[in-house]
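Here is the structure we will look at, set down as structure tokens.
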Amino acid sequence: MNDDLAKAADEADSRREPQAAASQPLLRIDAVVKKFGNFRAVDALSLDVHAGEFFALLGPSGCGKTTLLRMLAGFEVPDEGRILLNGRDIARVPPHQRPVNMMFQSYALFPHLSVQDNIAFGLKRAGMPPADIDARVAEMVALVKLKGLEKRKPDQLSGGQRQRVALARSLARRPQLLLLDEPLAALDKKLRERTQLELMELQRRLGLTFIIVTHDQEEAMTMAGRIGVMDAGRLEQVATPRELYEAPRSRWIAEFVGDINLFEGTQDTAEISHLTMAPRLAIATRDAGTIYVAEPREKLTKSSVCVAIRPEKVKLSRRAPVSDDTKALNRLEGIVTDVSYLGGMTSYKVKLDGGAVIRSSMANTARLDLDSYSPSQRVVAWFSPEDCLVLEQ
Amino acid sequence: MSSSSLFTRPARLAAIAPYLWMGLFFLVPFLFVLKISLSQTAIALPPYTPVFDMGEGWEAIKAALAALSFDNFKLLVSDDLYILSYLRSLMVAAISTAILLVIGYPIAYGMACLPQRWQGVAMMLVIVPFWTSFLIRIYAWINILQHDGLLNQVLLALHLVSAPVVWLSTDSAMYLGIVYSYLPFMILPLYATLAKMDPALLEAAFDLGASPRQAFWRVTFPLSLPGVGAGALLCFIPIVGEFVIPDLLAGSDSLMIGQTLWLEFFTNKDWPVASATAAVLLLLLLAPLLLYDRLQRRQLEQS
């Protein structure tokens with residue numbers, strides 16, 4: 000089996016090189032619009048995806064991510080715009096003539112065909128000689144670890160096995176682009192996490208280009224090299240998982256991706272920190288006092304802003320840190336109201352004296368609870384200006 | 000928990016109700032028919048011998064049993080009339096079922112493709128003719144098909160024919176009547192299987208490179224086979240025993256088994272031969288009936 004994989008990987012490498020040589024993206028979505036009646040499901044959306052990428056489309060339900068995927072597969076025809084695959088506009092090419100395959104959320108396995116025949120379905124349509132089909136099916140069966148189940152019908156398989164058949168079937172034709180519509184949504188948590196890693200490894204080994212649609216941000220973060228966050232038919236931000244989390248471009252994304260504390264306020268030009276040399280902005284928040292933040296890369300245009308800080312960057316202590324270290328430049332006092340022990344970490348809610356509630360999560364690095372705080376205890380929440388984000392409202 | 004306490008008493012009664020029904024209204028009457036088919040015709044009331052009389056004691060019943068014979072069944076095999084009737088019935092049923100399938104499948108497919116809210120309307124349109132009496136609808140066809148009926152008037156007006164065509168008392172008229180009457184029985188099971196098919200399966204077929212035609216023959220059609228089987232048997236079985244439509248619309252030169260049976264019973268007053276005819280007909284239909292039952296059971300297990 001390992002030989003098969005190595006062979007597949009070699010083939011993938013040989014295929015990747017010419018594409019890498021040309022700097023043209025594998026897929027270019029160019030100002031695509033899809034309307035359902037008056038509703039613009041996908042609204043003038045543009046995106047480039049390069050060969051070998053693992054790209055995730057993330058967004059709440061109804062944001063248009065599935066519609067976009069269905070346009071790539073050919074099940075929907077865009078009202079405007081172009082979809083270029085290797086430079087060729089495929090926007091109006093029917094699905095059965097596209098070098099693109101899709102893995103369906105429901106798997107859509109053919110119930111009347113065995114595992115083997117499900118995987119061979121696309122190969123037969125492509126007119127592959129029977130001997131080659133058998134070889135390719137065997138290769139795919141080995142790839143997704145389904146040996147011994149070839150003769151079974153889909154209803155004789157477990158959910159995880161069905162998911163593998165669907166994957167093998169969609170990979171069998173060696174598509175230039177594989178689309179995955181919520182591929183892991185039907186699996187339980189443990190199996191989902193394992194399958195995520197397997198999918199990533201598979202994608203790397205085969206050197207294929209994957210576009211996955213998901214509403215699960217953890218899944219997108221784990222698997223994808225780049226994530227496109229969609230809302231109301233538009234791409235709000237396209238970035239690596241780290242950028243998306245640490246430098247969200249808008250308040251909406253900051254709130255959508257992960258947990259975050261938000262404090263509304265205005266830029267206070269009068270007060271500039273004298274404690275450090277680095278440029279700082281002081282933001283006078285409505286209910287958390289003054290918060291110092293690192294100057295954003297792009298100059299703020301509005302005075303009404305929002306300070307955002309991730310809970311894991313907020314530390315708690317009984318007394319204010321003694322040092323003048325800039326790491327503790329922001330010190331907000333308050334009372335612990337909620338403690339949730341989550342195993343690896345503990346999450347606290349602190350009601351600040353200014354009235355706001357700040358969330359802090361701290362890793363439980365020791366087995367004994369030396370550092371824990373209990374409700375109604377007075378604490379100082381402190382964090383560094385570098386960890387704060389300033390977002391325009 | 001033991002399995003007997005799994006069901007409450009009323010539930011257990013409900014479970015035997017179908018068997019009770021079958022026993023009372025099918026098995027017992029069939030045993031009567033079977034007994035009559037083994038008797039001899041007689042000018043008496045009832046018109047056959049022997050007659051079981053419980054009042055005359057064990058010896059009389061033994062004598063009656065000894066008088067039963069398979070003569071009527073031998074007659075059925077030896078006389079062309081019956082064999083030809085059976086063959087004609089099976090042939091008419093087979094041809095009608097084939098025509099019904101060819102007409103019914105596209106209609107059912109079209110219905111299943113309609114937007115949800117129009118599917119109910121389409122279903123109504125298929126069922127509504129059934130709100131009128133079956134006989135009235137067949138008489139209406141006689142009206143349309145007769146010498147100066149609507150069909151001939153239209154054909155003449157369009158100058159498609161120069162003289163009225165003879166429609167009535169032909170096999171064409173009979174097939175028309177049968178197909179017309181049984182079409183809903185073909186459409187509804189087909190529609191039921193097609194409508195519940197996951198549209199993602201067709202998309203998957205397209206996605207894997209199947210043209211619309213290939214997708215139909217490789218995915219839609221194989222998956223609709225339970226519906227095809229149910230529809231075909233639901234039509235085939237009653238058409239074999241059909242009496243009214245061939246009697247009213249077909250010619251009298253060759254008879255279906257239902258007509259032969261009617262003649263034996265009402266015209267010849269030969270109850271035993273008529274009963275034997277019915278018993279053999281049931282035997283012939285046993286195979287398709289069992290097949291239908293298996294199909295239905297598998298459907299139930301799947302859902």
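As given, the protein sequences belong to chains L and D, one line each in that order.
Under numbering that gives the first Met the number 0, residues 0 to 392 are what the first sequence spells out, in order.
Under numbering that gives the first Met the number 0, residues 0 to 302 are what the second sequence spells out, in order.
Every residue, glycine too, gets a C-beta built ideally from N, C-alpha and C.
None of the values given here were measured: they were computed from a predicted structure.
The beta carbon of R217 (chain D) falls within 9 angstroms of a beta carbon belonging to chain L, placing the residue at that interface. If only uninterrupted beta strand (DSSP E) runs of at least 3 residues are considered, those enclosed by the segment 189-217 of chain L are 208-213.
Check the Cα spacing between R116 (chain D) and each of D:P128, D:T219, D:A62, D:A194: the tightest is with D:A194.
Residues of the segment 192-218 of chain D that bring their beta carbon within less than 7 angstroms of a beta carbon in chain L comprise D197, A199, L200, E202, A203, F205, D206, L207, G208, A209, S210, Q213, V218, in sequence order. Collapsing the DSSP output to three states places A10 (chain D) in a helix. Interface annotation, L100 (chain D): not in contact with chain L, CB-CB separation never under 9 angstroms. A direct Cα-to-Cα measurement between L198 (chain L) and M139 (chain L) gives close to 14 angstroms. Taking all protein chains shown into account, W216 (chain D) has fewer than 16 neighbouring C-beta atoms within 10 Å of its C-beta and is therefore exposed.
Interface flag for L108 (chain L) against chain D is set, since a Cβ pair is found closer than 9 angstroms. Across the set D:L149, D:L222, D:I35, the C-alpha of D:I35 shows the shortest separation from the C-alpha of T276 (chain D). Nearest CB-CB separation between M101 (chain L) and chain D: below the 9 angstroms threshold. By the neighbour-count criterion, in which 16 or more other beta carbons inside 10 Å mark a residue as buried, P174 (chain L) falls on the buried side.
The beta-carbon of P245 (chain D) is placed no less than 9 angstroms from the nearest beta-carbon of chain L.
Rounded to whole angstroms, the Cβ separation of L84 (chain L) and L176 (chain L) is 7 angstroms, and the two are in contact under 8 angstroms. One finds nothing in chain D with a Cβ atom closer than 8 angstroms to the Cβ of R151 (chain L); even the nearest lies about 16 angstroms away. Within the model, the alpha-carbon separation for D352 (chain L) versus L331 (chain L) is close to 8 angstroms. Between the C-alpha atoms of L26 (chain L) and G51 (chain L) there is a straight-line separation of about 11 angstroms. When the beta-carbon positions are compared, V313 (chain L) and I290 (chain L) stay at least 9 angstroms from each other. Scanning its chain for C-beta atoms nearer than 6 angstroms, with the 5 sequence neighbours on each side dropped, one finds around E235 (chain L) the residues V228, I252, in chain order. In its chain, beyond the 5 residues on either side, A214, R217, V218 have a beta carbon closer than 7 angstroms to the beta carbon of A204 (chain D). Taking 8 angstroms as the Cβ-Cβ cut-off, the segment 43-65 of chain D has no residue approaching chain L. In this structure, the straight-line span from the alpha carbon of F262 (chain L) to that of Q195 (chain L) is close to 35 angstroms.
A straight line joining the alpha-carbon of T265 (chain L) with that of C387 (chain L) spans about 15 angstroms. In the structure shown, G227 (chain L) adopts extended strand secondary structure according to DSSP, grouped into three states. When Cβ-Cβ separations below 9 angstroms define contact, P94 (chain L) makes contact with chain D. By the criterion of a C-beta distance shorter than 8 angstroms, E75 (chain L) is surrounded in its chain by K33, T66, R69, once the five residues flanking it on both sides are discounted. Between R318 (chain L) and V379 (chain L), the C-beta spacing is below 9 angstroms. Where G80 (chain L) is concerned, the enclosing beta strand (DSSP E) starts and stops at 79-84.
Rounded to the nearest whole angstrom, the C-alpha separation of A293 (chain L) and T364 (chain L) is 29 angstroms. Counting along the chain, R124 (chain L) sits inside no beta strand (DSSP E); it lies in the alpha helix (DSSP H) bounded by residues 114-124. Straight across, the Cα-Cα distance linking R233 (chain L) with A40 (chain L) is about 9 angstroms. The three-state secondary structure of W166 (chain D), taken from DSSP, is coil.
In this structure, D:S223 is the residue among D:S223, D:M255, D:V32, D:L247 with its C-alpha nearest to the C-alpha of H111 (chain L). In this structure, L30 (chain D) sits away from S68 (chain D), with a CB-CB distance that is not shorter than 9 angstroms.
For M361 (chain L), the beta-bridge partners assigned by DSSP are L:T345.
The C-beta of L222 (chain D) comes closer than 9 angstroms to at least one C-beta of chain L.
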